[in-house]
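J.: So the sequence shown is residues 1 to 379, counted in the working numbering.
Cβ coordinates follow ideal geometry from the N, Cα and C atoms, glycine included.
None of the values given here were measured: they were computed from a predicted structure.
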Amino acid sequence: MKCQRDKFLLQGKVTYLNGAYMSPLLKKVEKAGIKGIIGKRKPYRIPPEDFFGESETLRRLYASLINVSDPSRIVIIPSVSYGMENAVKNLPKKKGTIIAAGGQFPSNVYPWRANSAYQINFIAPPISHNIGSLWNERILDAIDQDTAAVSLGQIHWVTGIKFDLQAIRKRTREVGAALIIDGTQSIGALPFDTEQIQPDAIITAGYKWLMGPYSLGLAYYGPIFDDGLPIENNWINRLGADDFSSLINYQDKFMPGALRYEVGEHSNFILVPMLIAAIKQLLQWRPEEIQQYCEELFVDAIEELGSLGYVIETQEARASHLFGINLPENIEMDRVKKALSVHKINISIRGNVLRISPNVYNDQKDVQRLLRALKEAII
């Protein structure tokens, strides 16, 4: 794959290595959003079937991206916390321990903390090299008969360390626990195979690696949630909602299976077309190719940074589209921040880690600017 920067409107003077913060808009995604805004000028051109048609298209596209055979298991959500709350409220085990990765993003923590029936066991990463394999071992060892669910990302949102989801799934099945995955920092840039992993839920925000708009995400809910109660009582998740002439024939039954968990006003005529355009592009690029592009982009730079004293997890244990850089000893973060600012490099700093998150809009010029800045910081 070659650099795809021409499909975005990024300024050449800024090096944006911060896709984990939020993605820049693709030109075609921006165009879809503008078209949606203009469409509201003439609401008489929006028929009832439009409340459902584009949502179905979005489900099919996302199902293809993550290898789900039944698109009706995909629902539209406004945020990760919303999607998580539906899972928390409907977990088969009504009490027990939730296994989570230490330093996990709060949207995958607060819904569990709010339910007094569950206690979270945060599994901290080991303080050593080769963190990835040891961290996965710790997580597997923590899963026991008291475990109600394991709830974590495909990768860690700061360091990019991969979690062995297949091994975790196998262990959760042995003890009757659920597997809930936050795919926000991986799906779209890292291959994900639902049929292979068979999680019980996947919750993903749309504005990062899916390259969509803010305030729209997607969730997959497996069969264990088919008879649950959604956290929201809206009209559009009720059986027969597509018959506008019968809406006041109030219906207590929800849409079948996962569709009951869909957010009200999910037909959003601006945001849904934007996410459709984004996922169509991702399917053309393919997450495997995006991952390979990011790996090749940084392979030499990572070796050079290691020789300068910066510490980065091994390639096998982490993602290539998101990874953490730990500073050499005795180097203050303020010096690094200053060097990054001088070179107009935009990344995220989380704790004491530089989070680097490239994508297909980056090229070797961006990588070399980052290298220069990090070299200057230690001189």
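1. DSSP three-state call for Q198: helix, strand or coil?
2. When burial is assigned at 16 or more other CB atoms within 10 Å of the CB, is F122 buried or exposed?
3. Which residue marks the beginning of the alpha helix (DSSP H) containing G306, and which one marks its end?
4. Taking the C-alpha atoms as reference points, what is the distance between V336 and G103?
5. Among the residues of its own chain, which have a CB less than 6 Å from the CB of L340, if the five just before and after it don't count?
6. Quick check on N346: buried or exposed, where buried means 16 or more other Cβ atoms within 10 Å of its Cβ?
7. Would you identify the three-state DSSP class for Y261, choosing helix, strand or coil?
8. Determine the closest residue to L118 out of A87, L140 and L134, with distance taken between C-alpha atoms.
9. Taking the beta strand (DSSP E) that N121 falls in, what are its first and last residues?
10. Should A205 and Y261 be called a contact, given that it needs their Cβ atoms to be closer than 8 Å?
11. Which of the three DSSP states, helix, strand or coil, is assigned to I168?
12. Sorted by chain position, which residues of the same chain lie with C-beta nearer than 8 Å to L283's C-beta, five sequence neighbours on each side aside?
13. With DSSP collapsed to three states, give me the class of N234.
14. Go ahead and pull the three-state DSSP assignment for T57.
15. State the start and end residues of the unbroken beta strand (DSSP E) segment that holds S380.
16. Between V75 and L259, which are expected to be in contact by the criterion C-beta below 8 Å, what is the C-beta distance as a whole number of angstroms?
17. Helix, strand or coil: which one does DSSP assign to Y82?
18. Is the beta carbon of L354 closer than 8 Å to that of P328?
19. Under three-state DSSP, which class holds F323?
20. Report the partner residues of R355 according to the DSSP bridge assignment.
21. Spell out the partners DSSP gives N18 in its beta bridges.
22. Ordered along the chain, which non-local residues of its own chain (more than five positions away) have a Cβ less than 7 Å from that of A142?
23. Quick one: grab the DSSP three-state call for I34.
24. Answer with buried or exposed for G382, where buried requires no fewer than 16 other C-beta atoms within 10 angstroms of its C-beta.
25. Check whether the Cβ of A317 sits closer than 7 Å to any heavy atom of the ligand FMN, and report yes or no.
26. Does the distance from the C-beta atom of R318 to that of I203 stay below 8 Å?
27. Select from A32, R173 and A177 the residue whose C-alpha is nearest the C-alpha of G96.
28. Report yes or no: do the region 248–258 and the region 52–61 share at least 3 C-beta pairs separated by less than 8 Å?
29. Cα-Cα, which of K344, P213, Q198 and F323 is closest to P273?
30. Counting beta carbon pairs with one atom in the region 356–370 and one in the region 16–32, are three or more of them shorter than 8 Å?
31. Quick test of your reading: Q185 and I155, contact by CB under 8 Å. State the CB separation rounded to the nearest angstrom.
32. Considering only DSSP beta bridges, list what T97 is partnered with.
33. Of the residues G240, G257 and A377, which one's Cα is nearest the Cα of R73?
34. Give a yes or no on whether the C-beta atoms belonging to A189 and Q281 are separated by under 8 Å.
35. Can you tell me which of A20, P24 and W285 puts its alpha carbon nearest to the alpha carbon of Q11?
36. Between the Cα of S245 and the Cα atoms of P48, A20 and D227, which residue gives the shortest distance?
T.: Taking the geometry as given:
1. Taking the sequence shown and counting its residues from 1, the one referred to as residue 198 is at position 198. Q198: coil per DSSP, three-state reduction.
2. The residue you call residue 122 lines up with position 122 of the sequence shown. Its Cβ having fewer than 16 others within 10 Å, F122 is exposed.
3. Your numbering for residue 306 matches position 306 in the sequence shown. Segment P287 to S307, the alpha helix (DSSP H) holding G306.
4. Taking the first residue of the sequence shown as position 1, residue 336 is located at position 336. Taking the first residue of the sequence shown as position 1, residue 103 is located at position 103. Their backbone Cα atoms lie some 23 Å apart in a straight line.
5. Walking along the sequence shown from the start, residue 340 turns up at place 340. Once the five neighbours on either side are set aside, the close Cβ partners of L340 are A373.
6. On the sequence shown, position 346 is the one that residue 346 refers to. By the neighbour-count rule (16 or more Cβ atoms within 10 Å), N346 is not buried but exposed.
7. Along the sequence shown, read from residue 1 onward, the residue named residue 261 stands at position 261. Looking at Y261 - three-state DSSP - the assignment turns out to be helix.
8. Position 118 of the sequence shown, counted from the start, is the residue given in the question as residue 118. Just to set this straight, residue 118 is Tyr in the shown sequence, not Leu. Checking every option, the nearest Cα to that of Y118 belongs to A87.
9. Taking the sequence shown and counting its residues from 1, the one referred to as residue 121 is at position 121. Here the beta strand (DSSP E) through N121 covers Y118 to I123.
10. Mapped onto the sequence shown, residue 205 falls at position 205. Mapped onto the sequence shown, residue 261 falls at position 261. For A205 and Y261, no; Cβs fall outside 8 Å.
11. Position 168 of the sequence shown, counting from 1, holds the residue named residue 168. Helix at I168.
12. Residue numbering aside, residue 283 sits at position 283 when the sequence shown is read from its first letter. Result list for L283: L61, S64 and L65, in chain order.
13. Within the sequence shown, numbered from 1, the residue matching residue 234 stands at position 234. The answer is coil: DSSP assigns N234 none of H, G, I, E or B.
14. In the sequence shown, residue 57 corresponds to position 57, counting from 1. The answer is helix: DSSP assigns T57 an H, G or I state.
15. This structure leaves residue 380 out entirely; the chain is present only between 1 and 379.
16. In the sequence shown, residue 75 corresponds to position 75, counting from 1. In the sequence shown, residue 259 corresponds to position 259, counting from 1. With a Cβ gap of about 6 Å, V75 and L259 count as contacting.
17. Indexing the sequence shown from 1 puts residue 82 at position 82. Three-state result, Y82: helix.
18. Position 328 of the sequence shown, counted from the start, is the residue given in the question as residue 328. Position 354 of the sequence shown, counted from the start, is the residue given in the question as residue 354. Cβ atoms of P328 and L354: not closer than 8 Å.
19. Residue numbering aside, residue 323 sits at position 323 when the sequence shown is read from its first letter. In the structure shown, F323 sits in a strand (DSSP, three-state: E or B).
20. In the sequence shown, residue 355 corresponds to position 355, counting from 1. According to DSSP, which records beta bridges pairwise, R355 is partnered with G324 and S348.
21. Position 18 of the sequence shown holds residue 18. For N18, which the question treats as bridged, DSSP gives the partners S357.
22. Locating residue 142 in the sequence shown gives position 142, where the first residue counts as 1. Answer for A142: I99, N121 and I123, listed in chain order.
23. Here residue 34 corresponds to residue number 34 of the sequence shown, with the count starting at 1. Three-state DSSP puts I34 in a helix.
24. The question about residue 382 has no answer, for the chain in this structure spans 1 to 379.
25. Among the components of this structure there are no ligands whatsoever, and the ligand FMN is therefore not found.
26. Residue 318 sits at position 318 when you count from the first residue of the sequence shown. Residue 203 sits at position 203 when you count from the first residue of the sequence shown. Not in contact: R318 and I203 (Cβ atoms no closer than 8 Å).
27. Against the sequence shown, residue 96 aligns to sequence position 96. Comparing Cα-Cα distances from G96 to each of A32, R173 and A177, the minimum goes to A177.
28. no
29. Numbered from its first residue, the sequence shown carries residue 273 at position 273. Considering only alpha carbons, the answer is P213.
30. yes
31. For the purposes of this step, residue 185 is identified with residue 185 of the sequence shown, where counting begins at 1. For the purposes of this step, residue 155 is identified with residue 155 of the sequence shown, where counting begins at 1. Right, the Cβ-Cβ distance comes to about 6 Å (below 8 Å), so this counts as a contact.
32. Translated into the one-based positions of the sequence shown, residue 97 becomes position 97. Answer is Q119 and T147.
33. Here residue 73 is taken as the residue at index 73 of the sequence shown, counted from 1. The residue with the shortest Cα to Cα distance from R73 is G257.
34. For the purposes of this step, residue 189 is taken as residue 189 along the sequence shown, with counting starting at 1. For the purposes of this step, residue 281 is taken as residue 281 along the sequence shown, with counting starting at 1. Going by C-beta atoms, A189 is not nearer than 8 Å to Q281.
35. Position 11 of the sequence shown, counted from the start, is the residue given in the question as residue 11. It is P24 whose Cα lies nearest to the Cα of Q11.
36. Counting from one through the sequence shown, the residue named residue 245 turns up at place 245. Of the listed residues, the one whose Cα sits closest to S245 is P48.
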